[in-house]
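For the sequence shown, the numbering used here assigns the number 247 to the initial residue and increments by one for each residue that follows.
Where is the CB? At the ideal position from N, CA and C, for every residue including glycine.
Structure, as structure tokens:
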Amino acid sequence: MAADSLTKTIAKLKGTKSVLSPTTMQHLIKGPMGLTAFPLIHINDPEKLPADSARIFSHPLYRMFFGENGQSMLLQVQHNHFTTPEAAAQYLEQVNALLQTTDLRYRLIGKLTAQNEFITYIQKDFSLFLIAALAISFCLLLWIFRSLKSALLPYLISLTTLLWLLGLMAGLGFSLTILGSLIPPIILFVSSSDAIHLLHSYRKAPAQGHIGKLQQGAQKVFIPTFLTSITTATGFFSLFTINTVPVQELGLFAGIGVLLAFVVTFLFGPLIISGDQKKQQTHSPKMTFLALLTLRHQRAISVGAFVCIAVAAWGISELKTDAYLLGDLPAESPTRIDFDYVDQTFGGSKPWELAIWPADSTQTLWEQSVAAELAKIATYLHEIYGMEQLWSPVSLLKYGHQINLGGLPHHFRLPETKTDHRQAVQNARRLLNKKQSPALITADGSYGRFAGFIPEYGSRETIQRNNELLQYLQRQVDTSVLRYQLTGTTHLIDKSHQLLATHLLQGLAIGIGIIGLILGMYFRSVKIALLSLLPNALPLIIVAGYMGITGITLQLTTSIIFAIAFGIAVDDTIHFVAVYQRAPVKHPVWRLVYTYKTAGTALILTTLVVVTGFSLFITSSFGATHFLGLFLSISLLVALLTDLTLLPLLLHYFCKNNQR
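Right, here's the structure in full:
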């Protein structure tokens, strides 16, 4: 039988701890001569297979290994914990190679297959987006400046920054993670904005001579650009409030990359700018028209902003936190299809665990009084929770009792007398020694677990089911006899998603607080700092509302955009307000016109470059990449719109007399 040969071969692989397979399991009974073991499946005796089949499908433990139609069988492989992705990939490759040598149709699922699929998408996205970002960024800059030399400046700044950052990561021993693959495109586009502002300022400088124009251009944008770098980096650094290592690494190195971009821009930018740059006209009829148009339609802009906020508020009320372990993979992903198949055929692919231990440290989990409490948990999990794949000390005790009574399935129940219980415990210990079940209880009986698999309900429903379980246990289980605790990696992942909204709000609050403090100190005005923050909250509100309206849930890969978007979006605000404060004209209207003419074009250009970069991500079939590109593009476009409409009106009404 191919399945039996496969089981034994996998068991011999380096890295395999055990393989739980019906082909190697034994059916135990107790006779006059003691325990007797015979194969659960008589592979070499076809005449006994019908009886084996009847026994298997009438037994609660055995039938867990087979699909309802009997056309599929489950092998559970327990392997070592691999400390590196390379070791995990090597082991997975060996298992796949063994499977391909058989004539069996198979579906391989587990942490290693999911991890390998994620890595495959990461590598694909990294190579695709890096090449596309390099090509598109250069073409876009060439189109904007209509000069090869001018286009090269932001391009070279971005490349230099990226090389420095990747070198730093490699030197510190960090590799690109699932979200880390987003760092190169982010840096390529975000870092170019500093160079665009510097070049734009140089080309508009009124001074005569190359050196004079460099001095004036650099002085004009140095402080605002420094502030925008700090605020953008702060947005990335605020991701540290999300207690997930890949997110924290993304925030750390993306923030460092933004600061490096500032250093590279003003360290090498003046050396690269050539003296034959065409002077940009200060007269900008389009910007003048936009400024006057904004002032003429103040009421429409105010009403529009109010309507957007109202609709978004309704959407936010519908926003839910939920996540699926493989939710970022496309629906047609073979790995996702395989997981769905196991969910439907075998009752679950997502590991689930409940730790258990006796309240009295002098007792063990084998005590009959403790077993009675364990039985309450097992009954709930089977009958109410709906768990089909479940192993527990209760299973072992029931099987141990069944052995004593001749091995018939209808004797699979807990013993009632002390004598029967003691014999059942002895048989259960033998089962553990023979590795006829997963490791469910320690040798001294002081600690154990319920271990099973559940379908991928999503974190929201799983948490709800777990909470209902805990409420039941609080009412029914005697905690003076038994203690319990939900545990396991997937439980921690679900809990982290449950706390995601809290962590997100904490990160945003910290980021907004720091950015507000920086703006207040620079502009020397609390009022201007608050007015600068208000328009940048609108893009976040609209994106959150859009998510709620369209049914997109808040999860790890969608939550990070809020902190990033706020840090990037506030850049344009800083440049706009800085020009407004230093405007050489006093009349409120012409002061706004001057600000539009001086800063408006640069704001549009930098947003165009950054949004073009992030819009590349939308083409990805990998959920994390796709949603990051979609929501950042939306938020940055909305931020530009508010900076050119709502922000000028706020400044016009509340800061007419603020001038430095």
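Closest to residue i by C-alpha separation, out of the options, would be which residue?
| i | options | result |
| --- | --- | --- |
| residue 822 | 586, 848 and 355 | 848 |
| residue 383 | 423, 418 and 431 | 431 |
| residue 330 | 274, 409 and 421 | 421 |
| residue 282 | 852, 651, 295 and 658 | 651 |
| residue 240 | 343, 350, 733 and 285 | Only positions 247 to 906 of the chain appear in this structure, which leaves residue 240 out of reach. |
| residue 819 | 477, 729 and 556 | 477 |
| residue 881 | 346, 815 and 852 | 815 |
| residue 886 | 898, 334, 851 and 901 | 851 |
| residue 648 | 631, 637, 447 and 667 | 667 |
| residue 511 | 445, 804 and 344 | 445 |
| residue 315 | 369, 590 and 622 | 590 |
| residue 639 | 833, 632 and 698 | 698 |
| residue 622 | 557, 725, 435 and 567 | 725 |
| residue 608 | 562, 573, 495 and 727 | 727 |
| residue 567 | 799, 404 and 787 | 799 |
| residue 618 | 348, 719 and 760 | 719 |
| residue 412 | 335, 565, 496 and 867 | 496 |
| residue 504 | 332, 369, 410 and 459 | 410 |
| residue 540 | 836, 856 and 867 | 836 |
| residue 595 | 630, 343, 359 and 332 | 359 |
Which residues bound the alpha helix (DSSP H) around residue i?
| i | result |
| --- | --- |
| residue 355 | Premise fails: residue 355 is in no alpha helix (DSSP H) and is neither H nor E. |
| residue 467 | 456-483 |
| residue 716 | 705-722 |
| residue 832 | That residue, residue 832, is in no alpha helix (DSSP H); it is neither H nor E in DSSP. |
| residue 727 | From DSSP, residue 727 is part of no alpha helix (DSSP H); its letter is neither H nor E. |
| residue 305 | Premise fails: residue 305 is in no alpha helix (DSSP H) and is neither H nor E. |
Ignore the nearest five residues each way along the sequence and tell me which others in residue i's own chain have a CB closer than 6 Å to its CB.
| i | result |
| --- | --- |
| residue 634 | 593 |
| residue 871 | 371 and 863 |
| residue 537 | 838, 839 and 842 |
| residue 353 | 584 and 587 |
| residue 443 | 467, 471 and 848 |
| residue 569 | 705, 743 and 801 |
Below 8 Å CB to CB, which residues in the same chain sit around residue i once its five sequence neighbours on both sides are set aside?
| i | result |
| --- | --- |
| residue 309 | 302 and 303 |
| residue 888 | 551, 781, 782, 784 and 785 |
| residue 610 | 604, 616, 690, 691 and 692 |
| residue 312 | 268, 302, 303, 318, 319 and 320 |
Buried or exposed for residue i, please, with buried defined as at least 16 other CB atoms from any protein chain shown within 10 angstroms of its CB.
| i | result |
| --- | --- |
| residue 845 | buried |
| residue 267 | buried |
| residue 528 | With a pLDDT of 49 at residue 528, under the threshold of 50, the predicted position of this residue should be treated as unreliable, though the coordinate-derived value follows. Residue 528 should be labelled exposed. |
| residue 695 | buried |
| residue 577 | exposed |
| residue 338 | buried |
| residue 385 | exposed |
| residue 767 | exposed |
| residue 277 | exposed |
| residue 656 | exposed |
| residue 455 | exposed |
| residue 598 | buried |
| residue 394 | exposed |
| residue 325 | buried |
| residue 894 | buried |
| residue 254 | exposed |
| residue 364 | buried |
| residue 553 | exposed |
Output needed for residue i: all residues of its chain with C-beta closer than 7 Å, excluding positions within five of it in sequence on either side, in chain order.
| i | result |
| --- | --- |
| residue 878 | 807, 810, 811 and 860 |
| residue 294 | 288 |
| residue 653 | 273, 274 and 275 |
| residue 876 | 864 |
| residue 307 | 641 and 645 |
| residue 769 | 775, 823 and 827 |
| residue 825 | 841, 844 and 845 |
| residue 763 | none |
| residue 709 | 740 and 744 |
| residue 298 | 286, 287 and 288 |
Start and end of the beta strand (DSSP E) containing residue i?
| i | result |
| --- | --- |
| residue 276 | 272-277 |
| residue 262 | 262-266 |
| residue 699 | 694-700 |
Note to self: Counting beta carbon pairs with one atom in the stretch 729-738 and one in the stretch 455-466, are three or more of them shorter than 8 Å?
What the structure shows: No contact exists between the stretch 455-466 and the stretch 729-738.
Checklist line | Cβ contact check for the stretch 637-647 and the stretch 739-757: 3 or more pairs under 8 Å | finding: no
Margin query: With three or more C-beta pairs closer than 8 Å as the rule, is the stretch 581-592 touching the stretch 689-703?
Written below: yes
Check: Counting pairs of Cβ atoms below 8 Å between the stretch 391-401 and the stretch 433-448, do you hit three or more?
Finding: yes
Next item on the list: Take every Cβ of the stretch 475-492, pair it with every Cβ of the stretch 500-507, and state whether three or more of those distances are shorter than 8 Å.
Entry: yes
Next item on the list: Indicate whether the contact test is met: 3 or more Cβ pairs, each with one atom in the stretch 713-729 and one in the stretch 666-680, closer than 8 Å.
Entry: no
Margin query: Counting beta carbon pairs with one atom in the stretch 545-561 and one in the stretch 764-779, are three or more of them shorter than 8 Å?
Written below: no
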